[in-house]
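Reading through the structure tokens given below for one structure.
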Amino acid sequence: MVAHVLRLKLTLLGNSFRRSPWQIAGLVLGIFYGLSTAIFVIAGLVALRFFDVEIARNAAVVLGAAVTIVFTVLPLTLGIDDTLDPRKFGLFGIRTTRLSFVLAVGALVSVPAVVVTAIALGQLVTWSRDGLAEFLAILGMVLIIVTCILSARISTSLAAFLLATRRARDISAIFAIIALIVLSPIVVALARVDWQNRGLEVLGDIADVVGWTPLAAAWAAPADAAVGDPGAAFAKLAIAIAWVLVLVVIWRLLVGLMLVTPERQPHARTYVGLGWFDWFARTPTGAIAARSITYWFRDARYGTSLAIIPLIPVFMVVALAVAGIDLHVLALLPLPVMCLFLSWSIHNDVAFDNTAIWLHMSTSTLGRADRWGRLIPVLVVGLPLIAIGSVVSISLNGDWSLLPSLVGVSVSVLLCGLGLSSIMSARFPYAAVRPGDSPFSQPQGGASSAGSIQALSLLAIIALSAPALTAAVLGFFYGSGWHYLALGIGVGMGLLVLVGGATIGARLYDRRTSELLVSATRN
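The opening position of the sequence shown corresponds to residue 1 in full-length UniProt numbering, with each subsequent residue numbered one higher.
Right, dumping it as structure tokens:
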């Protein structure tokens, strides 16, 4: 049975090189990247053989934890195709225990298995210092390979099992981004460390913690033996063995569950009433506004963009905090940044409609109704965001005299962005992700023009908001009078650009309806 599965896996690997030239090139590039990474890690482990034993211990343990995390998390985030999905063997009547063992052995015939085996051999070189360390390194090598392979198999099967629908995959990608945000404080803490003077001490503290976890216990056992602590070495060896047994049980239970559970299918929802159409006026503008806000909640392309908007300023704040910027000043940054990307999010709205824009043209919908109908949902979200976000930001900053400037700049960015987006979406639509496709997919064609339009529109929004921003900056140095001037300039300039942009965009829409239909359906 094992031999049959191994031959099947080898055949599948061979067939991978019988695809289109571009797919083969991507496969070769992936293999090259994996093997290059393995060579780099192995070279580091071999070099540690000649370092001080304490330094080698700390570096090897932290590196081992990173390797285990990569093998565990990567299949979940990338959605790697499982060629030996347990459900494919459901009709052969193979016992669950035997099948789980065979599939685990079959996973050894893969590029990741070769990579982790080579890395595990590298740590064997690192601890070729004395008899006990070498013995535990040999045992650790086996445990490392089994741990990484089983972790990868479990993650891959969970991804295939739980992320079968496109919506589930999109949600998992969003959660992955959120997880990066949650981990950002750790990045800040590590970035603030004086690595030149305290780097080895911090590395040792990290190794002391992760060495007692299943992530690096197999790596830490020979390391502790090499530094003269056999008690801790055997304790960590026991942890590594126990974790392998836990993984074996989880893998066996997962295979059994997948054999009797059909593949997940998208669930059709039943809606009562007209939804958002009941909330808006029975006019062309109201209908388009209701349709737009319905897309926000039901279309993954819009939902993903909106979910990412609050995360962008967090990345910026973290980066600037690492650079040493005062946190009281950074408290003023998130609100204008969110307003910027919220208003910018509809700069290609017509292209997102795809063939649905035909409804506007077949009913002779005026450009005025189309432009304002697309603006209303953003205003419904953006104005309360400014009202609440400005109070929260100033509370964190502590200087309430800055409130007019913050409101003025945020309103200017939001309204100027909406006015400019009304023009851009009618005049410069570019290729967008089609309805039903993953929001993380790349539309074909027009990549260079899309990048230029995106950059130009963002810079134009910032330029139009520069007067309010300049007055706000002057308020820091010359008193509160400038803050109220920033508020007046921001609101006035924002309203002017909003109304002017919607008017110009409506005229462009009325003149270019046929071109917009061709452009939107070209994807």
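Beta carbons are placed, not taken as given, at the ideal position from N, Cα and C, and that holds for glycine.
I need the straight-line Cα distance from L415 to I489, nearest angstrom please.
12 Å
Going by the CB atoms, is the gap between L84 and L103 shorter than 8 Å?
yes
For the structure I just gave you, are there three or more beta carbon pairs, one from the stretch 119–138 and one from the stretch 208–227, closer than 8 Å?
yes
What would DSSP say about A447, mapped onto helix, strand or coil?
Bear in mind that the predicted position of A447 carries a pLDDT of just 47, short of 50, making it too unreliable to give a figure here.
Three-state class that DSSP yields for S157 in the structure shown:
helix
Given 7 Å as the limit, tell me if L320 has its C-beta closer than that to any heavy atom belonging to the ligand SAM.
Among the components modelled here there is no ligand, and therefore nothing to report on the ligand SAM.
Go ahead and pull the three-state DSSP assignment for D399.
coil
Residue range of the alpha helix (DSSP H) that includes I94:
That residue, I94, is in no alpha helix (DSSP H); it is neither H nor E in DSSP.
With a threshold of 16 other CB atoms inside 10 Å of the CB of V407, please say whether the residue is buried or exposed.
buried
Distance check for L132 and F51, CA to CA, integer angstroms please.
19 Å
Is I24 helix, strand or coil when you go by DSSP?
helix
Around the C-beta of R57, are 16 or more other C-beta atoms found within 10 angstroms, so that it is buried, or is it exposed?
buried
Could you give the DSSP three-state label for L215: helix, strand or coil?
coil
Report the CB separation of residue 524 from A152 in whole angstroms; it is logged as a contact under 8 Å.
This structure gives no information on residue 524, because the portion of the chain shown stretches from 1 to 523.
Under three-state DSSP, which class holds H347?
coil
Evaluate V260 with the Cβ neighbour count: other Cβ atoms within 10 Å of its Cβ, from every protein chain shown; 16 or more gives buried, anything less gives exposed.
exposed
Please go through the same chain and pick out, in chain order, the residues whose beta-carbon is closer than 6 Å to the beta-carbon of A232, but skip the five residues on each side of it.
D224
Measuring CB atoms only, is the stretch 471–485 touching the stretch 357–368, in the sense that at least three cross pairs come out at less than 8 Å?
no
Excluding the 5 residues preceding and the 5 following R368 in the sequence, name in chain order all residues of the same chain whose CB lies nearer than 6 Å to its CB.
A506
Which value, in whole angstroms, describes the spacing of the CA atoms of N348 and V73?
34 Å
Would P75 be called buried (16 or more neighbouring beta carbons within 10 Å of its own) or exposed?
buried
Neighbourhood of A118 by C-beta, 7 Å cutoff - its chain only, sequence neighbours within 5 removed:
A38, I42
In terms of residue numbering, what span does the alpha helix (DSSP H) encompassing G479 cover?
That residue, G479, is in no alpha helix (DSSP H); it is neither H nor E in DSSP.
Helix, strand or coil at A133 [DSSP, three-state]:
helix
If we ignore side chains and look at the alpha-carbon of each, how far apart do L254 and L458 end up?
48 Å
Below 8 Å between beta carbons: does that hold for S393 and P334?
yes
Alpha-carbon spacing of L35 relative to A217, whole angstroms
25 Å
Hey, A319 and I376: beta-carbon distance below 8 Å or not?
no
Quick check: the Cα distance between P429 and A321, rounded to an integer number of angstroms?
37 Å
Report the rounded CA-to-CA distance for V409 versus I149, giving the unit in angstroms.
53 Å
Is the beta carbon of V210 less than 8 Å from the beta carbon of V61?
yes
When the Cα of P284 is compared with those of G373, A307, L203, A220, which residue comes out closest?
G373
Check whether the Cβ atoms of R291 and A426 lie closer than 8 Å to each other.
no
Go through its chain and collect everything with a Cβ distance to L508's Cβ below 6 Å, but skip five positions before and after it.
A426, R427
Straight-line Cα distance separating A351 from T470
34 Å
Any idea what DSSP makes of D52, helix, strand or coil?
coil
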